[in-house]
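Written below as structure tokens is the structure these notes are about.
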């Protein structure tokens, strides 16, 4: 047994290092074993999904465990999928990116022709909770409702910008969304309305007032149903931002979604559309008509001179019969 204190100290330190290294190796081995077991198991422990909407990845467990897409999970009370209640232990997911486009959905919707991940891009599907992984760092930002770390946007818009720059400051846009969400959810009652938004005659061929309520704002910020009022307001923004400044108003004409609504009687709808097109000299313009099929939005691009209608549908479905009858007439 060595009696030199320095030698004993060095020997003790070496022993500690060996023990620490062994524990580290054991921990890594156990971690790898758990990962391998998880990837082979279909009973994966689900993430705790926060209330509201969160960035997420979706997975499939057969034949192998892998990520097949990315989007947002909507975890709100009373959520439905295309008017149907969610299956037990499933959540509502809106898919934005397909990692494996041809992978079959865990819950297909046959009457909507939603079978693969590719089919579901841009719409909602049901996904098993244990196969949804929440991106907590992003979701915490989305769920922020005015904590001390939240950023309230400034009005001058000059910070970190050069004059004439066209770059989009995504962080600043995100802070506006957070501020809007906080304002609606904390400062407004469900029955409150925002100040009326005036739609000029130049935008839709007829002037009218549009009203947005708390529900419409909530639907937008929560990535839920988008109503007619929200679509009209966005078209007004597009018109003022791009068409006026770039002198495109002579080339394009918008039909209001109030006019194209399937809730309007066919004869009244045809007369209203014809009057708008004639009174606004739209024959030489490309007419853009957003249309709600009662399930999702589609866009019609109408070339009156060529008597051609382009049907733009993100779900690649056949044209709606009511819409076809109206515009073919």
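In the numbering used here, the protein residues as written are 17 to 345. A virtual CB, placed ideally from N, CA and C, is assigned to each residue, including glycine. Source: prediction; values computed, not measured.
(1) According to DSSP, is residue 142 helix, strand or coil?
(2) How would you label residue 255, buried or exposed, when you count the other beta carbons within 10 angstroms and need 16 or more for buried?
(3) Within 10 angstroms of the Cβ of residue 148, are there 16 or more other Cβ atoms? Answer buried if so, exposed if not.
(4) Can you check whether the CB of residue 76 is closer than 9 angstroms to the CB of residue 116?
(5) Would you call the stretch 303–316 and the stretch 327–344 touching, i.e. three or more CB-CB distances under 8 angstroms?
(6) Report yes if the C-beta distance between residue 133 and residue 120 is below 9 angstroms; otherwise report no.
(7) Out of curiosity, what's the CA-to-CA distance linking residue 278 and residue 247?
(8) Name the residue from 122, 290, 65 and 107 whose alpha carbon lies nearest to the alpha carbon of residue 79.
(9) Ordered along the chain, which non-local residues of its own chain (more than five positions away) have a Cβ less than 8 angstroms from that of residue 321?
(10) Should the stretch 259–271 be called in touch with the stretch 222–229, which here means at least 3 C-beta pairs below 8 angstroms?
(11) Using the C-alpha atoms, what's the distance from residue 87 back to residue 64?
(12) My guess is that residue 145 and residue 106 are in contact by the Cβ rule of under 8 angstroms, so how many angstroms apart are they, rounded?
(13) For residue 265, which residues from the same chain have a beta carbon less than 7 angstroms from its beta carbon, with the 5 sequence-adjacent residues on both sides left out?
(14) Taking the continuous beta strand (DSSP E) assigned at residue 106, which residues delimit it?
(15) When you compare each of 70, 341 and 92 to residue 150 by their alpha carbons, which one comes out closest?
(16) State the beta-bridge partners of residue 134 as determined by DSSP.
(17) Contact check, residue 273 vs residue 244 under 8 angstroms by CB: the rounded distance?
(18) Only counting the same chain, and skipping five residues up and downstream in sequence, which positions put a Cβ closer than 6 angstroms to that of residue 314?
(19) Assuming residue 344 is part of the alpha helix (DSSP H), what are its boundary residues?
Reading from the atomic positions:
(1) In the displayed model, residue 142 falls within a strand according to three-state DSSP.
(2) Flag for residue 255 reads buried.
(3) Burial call: buried.
(4) Yes, these two residues count as a Cβ contact at 9 angstroms.
(5) The stretch 303–316 and the stretch 327–344 touch, with no fewer than 3 CB-CB distances between them shorter than 8 angstroms.
(6) Yes, these two residues count as a Cβ contact at 9 angstroms.
(7) C-alpha separation (whole angstroms): 15 angstroms.
(8) Answer by Cα proximity: 122.
(9) Apart from sequence neighbours up to five positions away, the residues of its chain that approach residue 321 with a beta-carbon distance below 8 angstroms are 299 and 300, ordered along the chain.
(10) No contact exists between the stretch 259–271 and the stretch 222–229.
(11) About 17 angstroms.
(12) Contact holds; Cβ gap of about 7 angstroms.
(13) Same-chain partners within the cutoff: 218 and 259.
(14) For residue 106, the enclosing beta strand (DSSP E) starts and ends at 106–114.
(15) Among 70, 341 and 92, the Cα nearest to that of residue 150 belongs to 70.
(16) In the DSSP output, where bridge partners are listed per residue, residue 134 has none listed.
(17) Confirmed, Cβ separation roughly 5 angstroms.
(18) Hits under 6 angstroms: 307 and 329.
(19) Residues 337–344.
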